[in-house]
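The structure under discussion appears below in the form of structure tokens.
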Amino acid sequence: MNILNIARKEILSSFRDKRTMLFMLAFPIVLIVILGTALTNAFNNQVSVDDIHILYKDQSDGELSQGFKVFAKEARKSGVYFKKALNDMDGKQEVKKGRYDGYVEIDNSGIKLYKSDQTSIEGSIIQGMLSAFTNKYNAVSEIYKVNPKQAGVAFASHGDYMKETSINSANKPSSIDYYSIMMTTLIALYGALNASYLIRGERTRKTADRLLAAPIHKGEIFAGKLIGGIATNALCIFTVVAISKFLFKANWGEHIGIVLAVLFTVVLLAVAFGIGISYLAKTGESAVMIINVLIPLVAFFGGAYFPIDVAEGLPGLITNFSPIKWSSEAMMKIIYTNDLAAALPAIALNIGISLFLLLIAVVGLRRREGL
């Protein structure tokens, strides 16, 4: 009962502190809005292609010329326009001057394509469409040798020469999605600052002796403070998740319970880190300084401010030591690939480090005469 009363007191005290509410609630929401809005283009992987204009010279006859005319007519539906070159026009020069995206020469021996180096995407599209046409023409030619009547039917069933397909577009986070995850995880870690005051605050307020004089064991005080700190930070973090989900429409996936479980272990890690540092550091100021130095570094190398893809060398090694990195990657996999097993390593790592830090705090508490 004493443990629950102490935990309740910590929760109420924290929520009455306007600075705590401003930092743990308003600050991450403002960061999500600013970064998510300002860096929208950095997460936009879509490439728009304007209409493609191709100059061509047809010196063929028979089936090839007829088939190409059908092909050029159908290509217009996809925004690809073929224009027949005049006799006095130099198609290659027209392409070099940027007036056309490509130049095609057709004769009985085949098709030749000249692309512009300045429009590589358009050139690739032209090449792909011409390859599709050539393959179909060769197939029709073989059919014509066996059954001439079926050749016309094969050419008539042309279909689309260019199809638009989205590759994993729905399985990538938008800027709001990304920074909702990152800022929530970052602020969860900053809960270490409040946690460093849980025990030390009683000493600075000169209330530690009164607590020890009461019929309460030091272990109960420690457990109550720990539970209160975890509950306070968890409530703040879950509130940020709810606001980002329902107000900003951030995508937290279909398995939000597992995502929240990962975030809860980050909260546990932050509180354990704050309490552990408060016992390792000689003064409260040095504890705060250590936290304020380590967390920005962890945030930077963990990709909290912008995505970082470093897999090799010392930078990659440092990045992999960031709790933000392994926790956010686990949440991304859960949200965007439904990889529920990705939560286990992150949860195990966060809990394991938390237990180690709490062990340090317990040893420090036992060695002290007071709190």
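Here the sequence shown stands for residues 1 to 371, numbered as in full-length UniProt numbering. Glycine included, each C-beta is placed from N, C-alpha and C at the ideal position.
- Counting only runs of 4+ residues, the alpha helix (DSSP H) found wholly inside the region 25–79 occupies 27–38, 63–75, in chain order.
- Around the beta carbon of Phe356, fewer than 16 other beta carbons lie within 10 angstroms, which makes this residue exposed.
- Rounded to whole angstroms, the gap between the alpha carbons of Glu63 and Gly98 is 31 Å.
- Rounded to the nearest whole angstrom, the CA to CA distance from Glu94 to Phe68 is 21 Å.
- With fewer than 16 other Cβ atoms from the protein chains shown falling within 10 Å of its own Cβ, Met1 counts as exposed.
- Between Ala234 and Phe273, the gap from beta carbon to beta carbon reaches 7 Å or more.
- Classified as exposed, Ile34 has fewer than 16 neighbouring CB atoms from the shown chains inside 10 Å of its CB.
- Under the DSSP assignment, Tyr197 falls in the alpha helix (DSSP H) whose first and last residues are 175–204.
- Here the C-alpha atom of Lys77 lies approximately 21 Å from the C-alpha atom of Leu113.
- In the DSSP assignment, the residues bridged to Asp107 are Gly110.
- Per DSSP, reduced to three states, the secondary structure at Gly224 is helical.
- Per DSSP, reduced to three states, the secondary structure at Lys84 is strand.
- The beta carbon of Lys115 is closer than 6 Å to those of Gly102, Gly123 in its chain, skipping five residues each way along the sequence.
- Its chain contains Ala188, Leu189, Gly191, Ala192 as the residues whose beta carbon lies nearer than 6 Å to that of Ala270, once the 5 sequence neighbours on both sides are disregarded; these appear in chain order.
- One Cα belongs to Gly79, the other to Ala72, and the distance between them is close to 11 Å.
- Sequence-distant Cβ neighbours of Ala85 in its own chain, meaning closer than 7 Å and more than five residues away, are Leu55, Tyr56, Lys57, Gly91.
- Under the 10 Å beta carbon count, Met183 is surrounded by 16 or more other beta carbons and is classified as buried.
- Taking C-beta atoms as the reference points, Ile32 and Ser244 count as a pair closer than 7 Å.
- With distances taken between CA atoms, Phe23 lies nearest to Thr239 out of Asn135, Thr239, Ser60.
- Beyond the five residues adjoining it in sequence on each side, Ile126 comes within less than 7 Å, by CB distance, of Ile52, Ile54, Asp101, Gly102, Leu113, Lys115 in the same chain, given in chain order.
- Of all C-beta pairs linking the region 243–257 to the region 174–181, three or more are shorter than 8 Å, placing the two stretches in contact.
- Here the C-alpha atom of Pro28 lies approximately 49 Å from the C-alpha atom of Met129.
- For the pair Ile176 and Ala38, the Cα-to-Cα distance works out to about 10 Å.
- For the pair Tyr279 and Ala348, the CB atoms are not nearer than the 7 Å cut-off.
- Excluding residues up to 5 positions away in sequence, Ser322, Ile324, Lys325 lie with their Cβ nearer than 6 Å to the Cβ of Gly302 in the same chain.
- Per DSSP, the beta bridge partners of Lys115 are Gly102.
- Leu211 places its beta carbon 7 Å or farther from that of Ile227.
- The three-state secondary structure of Ala342, taken from DSSP, is helix.
- The DSSP-derived three-state label of Lys96 is helix.
- Inclusion of Gly224 and Ile3 in the CB contact set at 7 Å is warranted, their separation being smaller than that value.
- In this structure, Gln66 is the residue among Lys172, Gln66, Lys96 with its C-alpha nearest to the C-alpha of Thr134.
- With fewer than 16 neighbouring CB atoms inside 10 Å of its own CB, Leu297 falls in the exposed class.
- Leaving aside the five residues that flank Gly110 on each side, none in its chain has a CB nearer than 7 Å to its CB.
- DSSP places Pro215 outside both helix and strand once states are collapsed to three, so it counts as coil.
- Cα atoms of Val267 and Asn41: separation of roughly 31 Å, rounded to the nearest angstrom.
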